[in-house]
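One structure below.
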């Protein structure tokens, strides 16, 4: 992995700066407090965000509401850019997080981006929710924490190193093993208690099998009893149905009797009606025989009516003619009056246009008036004649009406006389009908007697019906009792069979439990003794191997930094043991440079051991050292060149204010702070 670029915006003493990195060694140079360590903190923040216990105020620039870190780096040829944002509210919190891989940008939550970074760096995911001490011990340890691990309480230091090396898994295995063996012992106790019920279940099984055998012996007897009750019920039911049929037949006969009686009554009523009609017809015949009727009377009356109609028609024609004449005379009178009125007013003739003589006008007027008088007399004569004709017509109409009435009566009388034979035929037919009806009544009475006898014969089944019904209900009750007893016994047999099966399964479980108890006992013994010893042995050997390798590397690195008069190694608690001329020296008696050398050697050895154990870590080619030469003498500073050459890493980022260190590195980035703002002063390459 190579860090290529980082942008700090409103981070600590930075307003906005872009810093580019290359492979090889790079020195961040500047006065104390110029902002060098801020770059290292920004790199750690870009990777992992705010760590547990770390406050946002330690990074966000005072007086600013928002700050961000954008870092670009390369892993296995993949270009990756991370952007993290801090925002000031009631508290300072991480807001937006972005990651861009090969120009594909995504926004992720704080948790998601940390998990993604751990995956890219090949770090265990267990560090997702805790402080990433793997990064702290292999890549970057803050300046103030360089000597902490050396001065730490031995037990805390060992537990921390166990965690970093992954050896604490053996401790967890032993702790989990203790829990597991405890649970196995508890399970064994439960199964042993369960096993104590075995004898009880065996005794219960024998009892249940005996009871089941007895019930199975009772089953054929109850089945036989049920079948007998069932057959008895069927026989009585058949008898009951037969009686019901007889009673139904009796009811049908009764209904037939009622119908027959009604038919007899109807026929008797019909005979009475026929007799009455015969009497009426005989009376009508006697009356008709008394009538004196001659058919010539009808012809004479018909002739008389025709003559009167002719006379009536003749008078009507005369009246029409008279009315026509009266109308004609009335028109002439009107015309003469009209001409007379015009003549009296004309002075000049319209034809010859000469003056009309008054004498001439008077003559014409007299002539017209004379004609008018004549016409009126004729009209008067015609009116008198018309009145005589109308009177005559009225008389004829009256006579005609009387004649037509007499004619109608004669025709009716003729029709009555003609119906005489028909009435005699009706009397004969009705008398024959009465004879037939009498015969029918006789037969119906015989049939009625037969029906009454049949009903009487069926009366005995009425009393028998209630007795058989009682017997049927009793047999039905007995059948149900027998059936219930049989069903209950079958159910008991079924339940007993299931209980026996369950008990047999339990017995099988008990037998299996015996095997399980033996297995658990063997497993618990093996885990408690052999496996526990094996894990402890493995842990001890791993710790010895790590301590040996760690101690050798620690001694080698320390010998590069300090004179040969010192001999250093690590004890079983990974505490540095410093000896000089066979005398053991306390850490507190060392000079400042020697203490720094101890811390740096410890740090570099720890880095090598961890990278050796976790060979797939993507950060193993990166080391960041923050003021590693604090208190170094000139001689120790000279030896730093050898140390840096021995590191053999892809990228080394070094923070130091020592000017001599500048000649040991390939790249130099100078920082300067003015007015509380850090700026990059220059970038140099050696």
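In this note's numbering, the protein residues as written are 4 to 689.
Don't be surprised by glycine CBs; every beta carbon is placed ideally from N, CA and C.
Small disclaimer: the values here were computed from a predicted structure and weren't measured.
With 16 or more neighbouring CB atoms inside 10 Å of its own CB, residue 64 falls in the buried class. Under a 10 Å Cβ-count criterion, residue 19 is classified as exposed, with fewer than 16 other Cβ atoms of the shown protein chains found around its own Cβ. 346 is the residue among 385, 384, 307 and 346 whose C-alpha sits nearest the C-alpha of residue 370. The residues 580, in chain order, have a CB closer than 6 angstroms to that of residue 574 in the same chain once the five nearest residues on each side in sequence are set aside.
Between residue 308 and residue 406, the CB-CB gap stays under 7 angstroms.
A straight-line Cα-Cα distance of about 57 angstroms links residue 193 and residue 103. Contact annotation: residue 461 and residue 218 have beta-carbon atoms that are not nearer than 7 angstroms.
When DSSP states are grouped into helix, strand and coil, residue 127 belongs to the coil group.
Residue 165: member of the alpha helix (DSSP H) spanning 157-168, first to last residue. Counting along the chain, no beta strand (DSSP E) covers residue 38, and no H or E run does either. With respect to the 7 angstroms criterion, residue 51 and residue 125 are not classified as neighbours on the basis of their beta carbons. Contact between residue 527 and residue 184 is confirmed by a C-beta separation of about 5 angstroms, below the 8 angstroms threshold. Listed in chain order, the alpha helix (DSSP H) elements of length 4 or more contained wholly in the segment 378-408 amount to none. With a cutoff of 7 angstroms on beta-carbon distance, residue 105 and residue 82 are scored as near each other. Taking 7 angstroms as the cut-off, the beta carbon of residue 556 is found no closer than this to the beta carbon of residue 642. Beta bridge pairing from DSSP links residue 626 with 655. The C-beta of residue 509 has 16 or more other C-beta atoms within 10 Å across all chains shown, which makes the residue buried.
In this chain, residue 83 is not harboured by any alpha helix (DSSP H); it is covered by the beta strand (DSSP E) spanning 81-91.
Short of 8 angstroms from the beta carbon of residue 212, and not among the five residues preceding or following it, lie these beta carbons of its own chain, in chain order: 503.
With a contact defined as Cβ atoms closer than 8 angstroms, residue 89 and residue 107 miss out at about 25 angstroms. Among the bridge pairs identified by DSSP, residue 17 is matched with 14. Under the DSSP assignment, residue 475 falls in the alpha helix (DSSP H) whose first and last residues are 463-528. Cβ-Cβ distances below 7 angstroms link residue 188 to 527 in the same chain, with the five nearest sequence neighbours on each side left out; the list follows chain order.
Under the three-pair Cβ rule at 8 angstroms, the segment 611-620 does not count as touching the segment 581-594.
Rounded to the nearest whole angstrom, the CA to CA distance from residue 388 to residue 427 is 59 angstroms. By the criterion of a C-beta distance shorter than 8 angstroms, residue 158 is surrounded in its chain by 576, once the five residues flanking it on both sides are discounted. Using a Cβ distance threshold of 7 angstroms, residue 277 and residue 400 do not count as a contacting pair. If only uninterrupted beta strand (DSSP E) runs of at least 3 residues are considered, those enclosed by the segment 537-579 are 569-573.
According to the DSSP secondary-structure assignment, residue 683 is paired through a beta bridge with 674. For the pair of segments examined, the segment 538-551 was found to touch the segment 155-170: the number of CB pairs separated by less than 8 angstroms reaches three. For residue 75, the uninterrupted beta strand (DSSP E) segment begins and ends at 69-78. Contact between residue 632 and residue 659 holds: CB atoms are separated by about 6 angstroms, below the 8 angstroms threshold. A distance below 8 angstroms between beta-carbons, with the five flanking residues on each side excluded, links residue 41 to the following residues of its chain, in chain order: 11, 14, 15, 16, 17 and 681. Three or more beta-carbon pairs separated by less than 8 angstroms are not found between the segment 517-534 and the segment 228-246, which leaves the two stretches without contact.
In the same chain as residue 447, and ignoring 5 residues on each side of it, the C-beta atoms closer than 7 angstroms to its own belong to 263, 266 and 267, in chain order. Within the model, the alpha-carbon separation for residue 582 versus residue 572 is close to 9 angstroms.
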